[in-house]
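Since the structure comes first, as structure tokens, the remarks are kept for the end.
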Amino acid sequence: MTRQRAERPLFHHLSLSTPDNSVRKTMSPIQEPSVPALTEMDQRGDVVFVVGTAVDNTPARSFRVCSRTMARISPVFDRMLHGNFAESKPTAPSSDLISLSSSGINGTTTSPAKDWIVHLRDDRPESFDLLASIAHSQFQRIPRALSIAKLYELTVLTHYYDATPVLSPWLQTWVSGIAESPETTSSSIAGPEGELLMPKLLWISWELGHKQLFESTARRMVMESSGNLFGDESGLGDLSMPPDVIERIAAIRTQTIQSIMDVFSTLAEKLVSVDEGPRWCRHASYMGPHRCESMILGSMTFCLMRASLWPIPEADDIDESVLTLYSTLMNLVIHDIGRPSDKGGVDHSECLGVECEGYQTVLRWGSGIASRGRFAGALVPVEIEAPPPAKRKKKSKLDDKTKETDSLAGEGSSGNLKQLNSNAVAVPSTVLTAAASLDAVPPETTWPGRTEQDRHLLEEFNETTVFMLHSSRRDGLFRSKLRQLAERSEALCAILLATHLYISNPDDPSQLFEEYYLRGLALFRNQLESFNGSVDLGAMYAGLFICTLNLFQSAPWSIHLELMTTVYGLNKDLHNSPVLSEPEARFALELMGLMDMPTFVRGRSTLSLGIWKRLRLAQGSIGMKRGGIQSVSSLPRSLLDIFANIQDEDSDTYFLQWFGETGEIPQIHLWEAYRLAGILTGRRLRIRANPGITAATSTSCPATPSAEVLLGRLVASMDALCDATSRPEYSQLLTTNALLYPYVAARLEVAILLRQPTWMESLRRVTEKYQPYGKTANARNITEMLDEAWDSGNDAYDIDEQARRRNVEVALF
């Protein structure tokens with residue numbers, strides 16, 4: 001982010017000095033009736049600053065400082081104190097200069113000829129105190145944490161005096177403290193005591209050049225600001241702000257609200273049209289479509305009226321924030337009629353393309369809409385121009401837990417919002433682009449695998465993308481089994497095609513990507529809702545690949561895994577689980593355990609749901625515990641058993657004593673890399689959980705190698721793996737797909753890599769040559785965090801904490 005200085009006068013309280021003493025006398029500061037208490041920053045200082053006489057409700061304070069010190073930290077002070085200005089050092093005694101009394105400076109009286117007084121009436125004493133303390137190395141006076149308001153005032157001061165770089169040593173600590181402060185998680189933009197917290201935070205991030213904080217704050221202001229914030233009486237106009245940014249945020253907020261409300265305006269207009277255009281309700285041949293559509297219109301009108309949104313207002317007339325408006329509209333209940341079905345009740349399958357319980361079922365805007373054709377199955381029937389990057393989909397609401405997790409009004413919502421740019425409207429990620437025009441005649445119901453397009457995309461997936469989804473062999477059974485399942489399961493096929501379309505162009509997935517994703521997600525959740533104890537293998541795999549697709553996009557995905565865990569009863573003893581008793585479902589259950597493995601995904605709110613441990617315990621109790629290699633990860637199950645307990649103190653011992661398995665040479669190198677990476681990662685987990693321990697005391701193993709020895713062996717294993725994989729006899733192996741976990745573990749050992757630069761070069765070669773996921777959002781986020789750790793030289797870099805601050809979950813498997 002390019003930072004520009006705000007247009008402000010250089011010295012609003014300074015005047016040019018001339019040799020004429022009469023002119024100097026006219027420009028001299030006005031004498032104060034009493035001298036403020038003096039703070040000695042430098043006992044040998046040659047200038048006294050009197051700060052704050054013009055600031056409302058702020059008593060003035062005096063500071064004795066060294067003029068040369070202040071000049072070194074600020075070119076403005078340099079020109080002020082040593083240039084041709086009235087504030088520069090007097091060259092002769094002048095009766096108009098203030099003489100500090102004995103109560104002012106150490107009980108002594110100073111001659112007027114020696115006193116050098118400079119008034120900074122418009123500056124805040126508290127902020128100046130902090131700046132002067134930094135300049136004079138009074139580090140004991142510098143607080144460890146600053147509130148948003150105090151850091152805002154400090155950066156306004158340093159911006160004015162062009163001294164912001166002097167804050168650099170404390171910025172990381174201060175900004176981290178702000179990110180964890182309750183102020184930043186307040187549900188209101190205007191924080192306690194009327195402070196405009198988010199605008200102040202926006203200024204702070206701009207002045208400090210903190211791109212990530214600036215983007216997240218700007219997005220949050222778009223989504224959480226009420227219209228009153230941008231009014232004349234809000235006080236926003238009195239704050240220092242980046243040029244033109246507030247105006248842009250206000251405009252995007254208005255455009256977003258207008259886009260949302262246009263959805264309902266268009267729906268109402270279409271529904272009141274008599275015999276014009278295609279009918280939305282296709283089933284009502286026995287009574288005509290009007291009756292069903294009339295109920296939709298009436299239900300929508302009733303709901304909007306109760307929400308004080310009827311007649312539909314213009315965006316400028318809506319004071320609610322985008323999130324408040326979104327929450328209101330997401331809870332509208334739209335009724336329709338439906339037709340009799342053979343099973344009793346009524347049916348909308350020809351309209352929505354999914355099974356529906358008809359009249360007794362309410363259609364919510366969050367779980368399926370009453371429109372047809374191009375919007376069938378979409379979460380919200382809206383078409384907008386969305387920015388090309390990061391086309392994220394929000395989940396529909398299945399139960400209260402899902403609803404709470406998916407709500408954009410919750411904490412950390414900024415990570416789910418579209419980027420700000422000059423050509424796009426920032427909207428909730430649930431508001432998605434659709435496929436065809438509102439007036440298009442709804443086509444005959446089809447689903448993935450039934451059209452030529454679906455078959456073509458599935459063939460492409462089977463020849464390319466499928467090889468990025470596992471680490472075993474190109475000619476293994478996983479590919480053929482997955483193809484067979486996709487041909488039988490509409491939900492799985494749709495998600496696989498969406499994954500293929502995303503991987504083909506992560507920066508700008510095609511419009512079909514959204515259609516397939518929404519279709520597969522809706523079918524998956526419908527199948528979960530109808531779970532009756534009989535395992536639907538296609539639904540299980542669809543859920544797993546929904547998680548995978550979200551992981552590729554660095555989006556929070558745990559909700560889907562938790563949902564499957566709850567529905568299938570996997571959050572308790574698995575001995576009597578219907579999933580475990582189904583032979584074909586055991587492999588899918590194993591994949592769920594793999595995705596839930598501790599440290600395989602970073603940034604999760606919980607380390608693990610414990611699926612793998614419960615699975616292996618249940619298998620062991622009934623004599624089904626298997627050894628060998630887990631085919632998708634290409635890792636031995638015995639090694640995965642240790643990873644499932646990586647946070648335990650004894651994990652070092654188990655990793656070091658692990659005997660290994662028989663396998664291909666590249667696989668053996670991979671297992672060694674994972675074993676060593678597990679030791680390093682486990683130590684970091686335990687040190688983070690208990691800051692009082694060291695690497696030497698973080699393990700119960702009496703003779704454990706040092707981190708440097710482990711890292712050297714880890715880098716050597718990765719290098720050997722890449723070398724072996726390049727041989728023709730191993731061309732069918734996809735082992736390098738699994739390199740991300742040991743690579744990240746190695747890169748986090750910053751201090752050692754700084755001492756061993758050749759190891760760092762080797763790691764960079766590995767990732768440049770063997771990184772099939774390099775263009776995905778997941779890979780980009782990992783790269784950014786690792787580079788951040790390297791650039792800062794931070795050996796204690798917490799990748800979980802940093803991922804959570806970005807509101808992402810990154811996969812390392």
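Numbering follows full-length UniProt numbering, in which position 629 of the sequence shown is assigned residue number 629; successive positions increment by one, without gaps. All residues carry an ideal CB built from backbone N, CA and C; glycine is no exception. Note that the coordinates shown come from a computational prediction; the quantities given were computed from them, not determined experimentally.
Taking the CA atoms as reference points, F85 sits about 36 Å from V175. In this structure, D596 lies near L561, with their beta-carbon atoms less than 8 Å apart. The criterion of a C-beta distance shorter than 8 Å is satisfied by A491 and F524.
S225 and M300 have their alpha carbons spaced roughly 26 Å apart. Sequence-distant partners of N781 (beyond 5 residues in either direction) whose C-beta falls short of 6 Å from its own C-beta, in its chain, are S554, V808 and V810. Just so you know, the alpha carbons of W790 and V750 end up roughly 6 Å apart. For a cut-off of 8 Å, the C-beta gap from T155 to E207 is around 4 Å, short enough to register as a contact.
R479 is positioned such that its CB atom lies closer than 8 Å to that of N462. Judged by DSSP secondary structure, H500 falls within the alpha helix (DSSP H) whose first and last residues are E490 to S504. Bounds of the beta strand (DSSP E) holding H119 are I117 to L120.
In this structure Y743 does not touch L721 by the C-beta definition: roughly 11 Å separates them, more than the 8 Å allowed.
Beta-bridge partners of T39 (DSSP): F63. If you draw a straight line from the Cα of T328 to the Cα of S308, it is about 10 Å long.
For the segment 548-588, the full-length alpha helix (DSSP H) segments reaching 4 residues or more read 558-567 along the chain. Between F139 and L157, the CB-CB gap reaches or exceeds 8 Å. Rounded to whole angstroms, L615 and P506 show a C-alpha spacing of 34 Å. Taking a 10 Å sphere around the C-beta of L563, we find 16 or more other C-beta atoms and assign the residue as buried. Exclusion of the five residues before and after G628 leaves P636, R637 and E661 as the residues of its chain whose Cβ lies within less than 8 Å of its Cβ.
For A588 and T725, the gap between their C-alpha atoms comes out near 28 Å. Ranking T256, G298, R291 and Y797 by CA distance to the CA of L325 puts T256 first. The Cβ atoms of L197 and S205 do not sit closer than 8 Å to each other. One alpha carbon belongs to P125, the other to V322, and they sit about 39 Å apart. Here P165 carries a helix assignment [DSSP, helix/strand/coil]. DSSP places V48 inside the beta strand (DSSP E), whose first and last residues are V47 to V51. Here the alpha carbon of I142 sits roughly 35 Å from the alpha carbon of A746. Note on T758: under 16 other CB atoms within 10 angstroms of its CB, so exposed under the neighbour-count rule. Three or more Cβ pairs drawn from the segment 661-674 and the segment 726-739 lie within less than 8 Å of each other, which places the two stretches in contact. Out of A618, R144, C66 and E452, the CA that lies nearest to the CA of P169 is found in R144. DSSP, read as helix, strand or coil, puts R755 in helix. The residues L812, in chain order, have a CB closer than 6 Å to that of L740 in the same chain once the five nearest residues on each side in sequence are set aside.
Beta-carbon to beta-carbon, I252 and V222 are separated by about 5 Å, close enough to satisfy the 8 Å threshold.
In this chain, the alpha helix (DSSP H) harbouring Q258 covers V245 to V272. Nearest neighbour of R455 by Cα position, chosen from D787, E487 and L528, turns out to be E487.
Judged by DSSP in its simplified three-state form, Q667 adopts helix.
Its chain contains V579 as the residues whose beta carbon lies nearer than 6 Å to that of Y568, once the 5 sequence neighbours on both sides are disregarded; these appear in chain order. Close CB contacts of L130 within its chain, under the 7 Å cut and outside five residues either way in sequence, are with I142 and L154 (chain order).
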